[in-house]
Structures are given as structure tokens and as C-alpha cells.
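Asker: Would you mind keeping the following structure in view while I ask a few things?
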């Protein structure tokens with residue numbers, strides 16, 4: 567831990583608990599050394615202990631290295647560690663949290679662009695840049711409106727029946743990638759549910775379906791939950807026939823109220839930079855953008871041979 571933490575990243579404080587709970591393994595954490603100097607580090611994570619790596623979320627290079635030297639160090643570290651941890655299988659997605667103004671800070675931009683160049687050289691491509699958002703305790707809690715009524719989600723099929731049409735015309739880059747990869751809207755919804763939503767251990771009674779008063783016609787849904795670290799708005803959607811009428815504000819407000827009633831210190835959320843309507847809705851609900859995140863993906867197992 568002392569060696570790995572000689573470089574800095576915003577997730578450093580989570581490492582010890584992640585190792586203790588099995589979300590990380592020592593053999594998934596690699597370092598590049600020059601003598602006793604740490605010049606690079608890389609690490610994988612899983613949200614489900616006992617399974618293989620789900621994400622590559624640590625990749626840091628010594629900021630004192632000249633750019634070309636840093637890039638070569640990064641290429642060797644990524645290649646060596648990936649071969650040992652992942653082998654020839656599909657590479658998990660890379661995710662990086664970044665300052666909200668990372669493009670305006672020349673030093674931060676230079677370091678990140680060197681890192682992104684290493685990923686690109688390995689065959690990865692950028693998938694999406696996202697806003698990381700936060701609502702803090704003490705902020706106003708949105709009051710209930712009269713346009714919608716809410717009920718708990720009954721079961722898996724109850725939610726999947728709404729997630730499926732929401733996939734149509736989605737602005738979410740991960741959802742669009744699933745559809746572009748050949749999945750049907752139903753298959754993409756099932757993948758999202760089974761790989762993520764099904765694993766939240768917080769009460770399913772928190773999950774809400776929004777309906778029109780009197781008719782019971784569904785309008786959308788929201789999934790408030792808690793992951794391993796924070797209370798979150800895990801997923802929110804409005805059915806295509808009801809988009810453009812501002813219902814997303816009412817639905818997000820309900821999810822915020824559910825979590826605020828649990829006296830959580832903060833609620834985290836994220837949305838793609840390109841999903842302007844969703845970003846604006848979060849802003850109206852009192853969420854502030856405190857960071858950005860970027861995701862890279864490898865389309866072929868193991869990346870390029872070179």
C-alpha cells in the first residue's frame with residue numbers, strides 16, 4: 567500500500583477497504599519501478615467479490631517524467647500487467663475521474679493526454695465523457711408535484727417492461743453502444759438490469775415507477791440505491807411517448823426525496839456530457855458537477871497485437 571500510494575489519485579482512500587472486502591486483489595495491482603522510484607501504477611476493480619476484474623480504474627504515471635518517457639513507461643506497464651491479469655480475454659472498460667476543468671489546466675491536460683495516448687496505442691478508443699454530479703445534505707429537497715404519482719417497482723419484469731422502450735432513442739453512450747453491438751432494446755435492458763441493478767443490496771422499495779394520476783399510465787422510473795461507496799441515482803428514464811414534457815424533473819425529484827429521507831450526507835449521480843437535457847434536470851434539482859469522468863473501451867479481446 568505504501569508503495570502503490572506514492573502516486574496520487576482520488577480513489578486512493580478506497581484501496582484498503584477494497585482489498586479487505588475483495589473488490590480488489592493484490593495481484594490486480596501492478597507497479598513500474600526504476601530502482602526504488604515508483605514511475606507508474608495500474609489496478610483493476612470488481613463490484614462483485616469472487617469474480618474477475620470489471621473495470622480498470624487505476625492508471626497513473628509519474629508526473630515528473632518527460633512525456634515520451636512517461637508514455638513508454640505506460641505502454642510497457644499496461645501491456646505487462648494486462649497480459650498477467652486479463653490474458654487473452656476481453657479487456658474491462660477503463661474509467662478515469664478528472665477535475666471538472668481538466669482541459670483548462672495545461673499540466674493536468676498534458677498528463678491526461680499522455681495517458682489517453684497510451685490507451686489509444688493499445689487499441690482502446692474513447693467511449694464517453696461524463697459529468698459527475700452531487701447533491702449534498704442541507705440542500706433543498708424538491709417538493710412533490712401533482713403531475714405524477716409514484717409506486718414501488720413490483721419485480722424484475724415490471725421494471726424491464728419500461729427499461730426496454732427507454733432504450734429507444736437513448737442519449738446514453740453505453741446504451742447506444744449495446745444497441746450498436748447488435749443487442750435488441752430488450753436484451754440491452756436485461757444486460758443493464760442483471761449486470762448492475764440486480765446487485766444493489768439497498769431496499770427495492772426505494773425504486774419508483776412514475777404514472778399519470780387517475781389512469782395509471784407509466785411515464786418513467788427512477789432507481790435510487792447505494793453502491794459500495796455512496797447513495798446514488800443509479801438509473802432514471804422517461805418513456806419515449808412522454809419525453810419533452812419536463813417529467814424527468816418530477817421523477818428525479820422523487821428519487822432525490824427517497825434518498826434524502828435516509829439522511830445520507832450526499833447523493834451521487836452521473837450523466838453523459840452529450841445528454842444535455844439530463845444534465846439540465848440535475849442542475850434544476852440542486853445537483854452540482856464536481857468532476858468529470860471518461861471511459862475507454864477495447865473492441866477486440868486483448869487490444870491490438872502490437
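In my numbering, the protein residues as written are 567 to 872. Positions of the beta carbon are idealized from the N, C-alpha and C atoms, including for glycine. Since the structure is predicted, the reported quantities are computational estimates derived from the model, not experimental observations.
Is residue 550 near residue 672, with beta carbons less than 9 Å apart?
Answerer: No answer is possible for residue 550: it lies beyond the span of the chain, which begins at 567 and ends at 872.
Asker: Which residues in the same chain have their Cβ closer than 7 Å to the Cβ of residue 648, if we skip the five residues on either side of it in sequence?
Answerer: On the chain shown, residue 648 is found 82 positions in, with the first residue counted as 1. Cβ within range, chain order: 657.
Asker: Which partner residues of residue 700 appear in the DSSP bridge assignment?
Answerer: What you label residue 700 is simply residue 134 of the chain shown in a count that begins at 1. DSSP lists 834 and 854 as partners of residue 700.
Asker: DSSP puts residue 661 in a beta bridge; with which residues?
Answerer: The residue you call residue 661 lines up with position 95 of the chain shown. DSSP lists 861 as partners of residue 661.
Asker: So what does residue 603 bridge to, in DSSP terms?
Answerer: Walking along the chain shown from the start, residue 603 turns up at place 37. 600.
Asker: Just the C-alpha distance for residue 871 and residue 684, rounded to the nearest angstrom, thanks.
Answerer: Within the chain shown, residue 871 is the residue found at index 305, counting from 1. Within the chain shown, residue 684 is the residue found at index 118, counting from 1. For residue 871, the predicted model reports a pLDDT of 30, less than 50, meaning its position is unreliable; a value from the coordinates is still stated below. Those two C-alpha atoms are separated by around 14 Å.
Asker: Going by C-alpha distance, which of 583, 627, 732 and 586 is nearest residue 604?
Answerer: Against the chain shown, residue 604 aligns to sequence position 38. Residue 627 is the option with its Cα nearest to residue 604.
Asker: Looking at C-beta atoms only, is the number of pairs between the stretch 812–825 and the stretch 844–851 that lie closer than 8 Å three or more?
Answerer: Output reads yes: the stretch 844–851 touches the stretch 812–825.
Asker: Is residue 610 helix, strand or coil when you go by DSSP?
Answerer: The count along the chain shown starts at 1 and reaches residue 610 at position 44. Residue 610: strand per DSSP, three-state reduction.
Asker: So residue 813 is in the alpha helix (DSSP H); what residue range does that whole segment cover?
Answerer: Looking up residue 813 in the chain shown gives position 247. Taken as a continuous stretch (DSSP letters only), the alpha helix (DSSP H) holding residue 813 covers 813–826.
Asker: Between the Cα of residue 642 and the Cα atoms of 681, 655, 611 and 663, which residue gives the shortest distance?
Answerer: Here residue 642 corresponds to residue number 76 of the chain shown, with the count starting at 1. Out of 681, 655, 611 and 663, 681 has the C-alpha closest to the C-alpha of residue 642.
Asker: Taking the alpha-carbon positions, what's the residue 735 to residue 742 distance?
Answerer: On the chain shown, position 169 is the one that residue 735 refers to. On the chain shown, position 176 is the one that residue 742 refers to. The straight-line gap from Cα to Cα measures roughly 8 Å.
Asker: Assuming residue 682 is part of the alpha helix (DSSP H), what are its boundary residues?
Answerer: Sequence index remark: in the chain shown, residue 682 carries index 116 (1-based). Taken as a continuous stretch (DSSP letters only), the alpha helix (DSSP H) holding residue 682 covers 672–687.
Asker: Assign residue 786 to one of three DSSP states: helix, strand, or coil.
Answerer: As a working note, residue 786 is residue 220 in the chain shown. Strand, per DSSP.
Asker: Tell me which same chain residues have a C-beta within less than 6 Å of the C-beta of residue 766, skipping the five on either side of it?
Answerer: What you label residue 766 is simply residue 200 of the chain shown in a count that begins at 1. Around residue 766: 791.
Asker: Hey, would you say residue 826 sits closer than 9 Å to residue 698, going by beta carbons?
Answerer: Position 260 of the chain shown, counted from the start, is the residue given in the question as residue 826. Position 132 of the chain shown, counted from the start, is the residue given in the question as residue 698. No, they are not a contact pair.
Asker: For residue 870, does the three-state DSSP call read helix, strand or coil?
Answerer: On the chain shown, residue 870 is found 304 positions in, with the first residue counted as 1. At residue 870, the pLDDT of 36 sits below 50, so the modelled position is not reliable; the number obtained from the coordinates is stated separately. In the structure shown, residue 870 sits in coil (DSSP, three-state: anything other than H, G, I, E or B).
Asker: Which one of 819, 567 and 714 has the shortest CA to CA distance from residue 783?
Answerer: On the chain shown, position 217 is the one that residue 783 refers to. Considering only alpha carbons, the answer is 714.
Asker: How about residue 819 and residue 689: are their beta carbons less than 9 Å apart?
Answerer: Your numbering for residue 819 matches position 253 in the chain shown. Your numbering for residue 689 matches position 123 in the chain shown. No, the Cβ-Cβ distance between residue 819 and residue 689 is not below 9 Å.
Asker: Using 8 Å as the Cβ pair cut-off and three pairs as the minimum, do the stretch 570–581 and the stretch 599–617 touch?
Answerer: Counting Cβ pairs under 8 Å, three or more are found: they touch.
Asker: How many angstroms separate the CA atom of residue 646 from the CA atom of residue 595?
Answerer: If you number the chain shown from 1, residue 646 lands on position 80. If you number the chain shown from 1, residue 595 lands on position 29. About 12 Å.
Asker: Output the boundary residues of the beta strand (DSSP E) element that contains residue 622.
Answerer: Here residue 622 refers to the residue found at position 56 when the chain shown is read from its first residue. Taken as a continuous stretch (DSSP letters only), the beta strand (DSSP E) holding residue 622 covers 621–627.
Asker: With a threshold of 8 Å, are at least 3 pairs of Cβ atoms found where one atom belongs to the stretch 739–758 and the other to the stretch 793–800?
Answerer: Touching, no.
Asker: Just verifying my parser: in three-state terms, what is the DSSP assignment at residue 763?
Answerer: Position 197 of the chain shown holds residue 763. The answer is helix: DSSP assigns residue 763 an H, G or I state.
Asker: Leaving out five residues on either side along the sequence, give the residues of the same chain with a beta carbon under 7 Å from the beta carbon of residue 639.
Answerer: Within the chain shown, the letter at position 73 stands for residue 639. For residue 639, where only same-chain residues beyond five positions count, the Cβ hits under 7 Å are 598, 605, 606, 627 and 631.
Asker: With a threshold of 6 Å on Cβ separation, who are the neighbours of residue 732 within its own chain once the five nearest residues in sequence on each side are excluded?
Answerer: Sequence index remark: in the chain shown, residue 732 carries index 166 (1-based). Here the set comprises 803.
Asker: Since I believe residue 851 is in contact with residue 708 (beta carbons under 8 Å), could you give me their beta-carbon distance rounded to a whole number of angstroms?
Answerer: As a position in the chain shown, residue 708 is number 142, starting the count at 1. As a position in the chain shown, residue 851 is number 285, starting the count at 1. Residue 708 to residue 851, Cβ: 6 Å. Contact.
Asker: Taking its Cβ as the centre, do 16 or more other Cβ atoms sit within 10 Å of residue 636, making it buried, or is it exposed?
Answerer: Sequence index remark: in the chain shown, residue 636 carries index 70 (1-based). Result: buried.
Asker: Enumerate in chain order the residues of its own chain whose CB-to-CB distance from residue 773 is below 6 Å, with the five nearest sequence positions on each side excluded.
Answerer: Walking along the chain shown from the start, residue 773 turns up at place 207. Excluding positions up to five away in sequence, the list reads 719 and 789.
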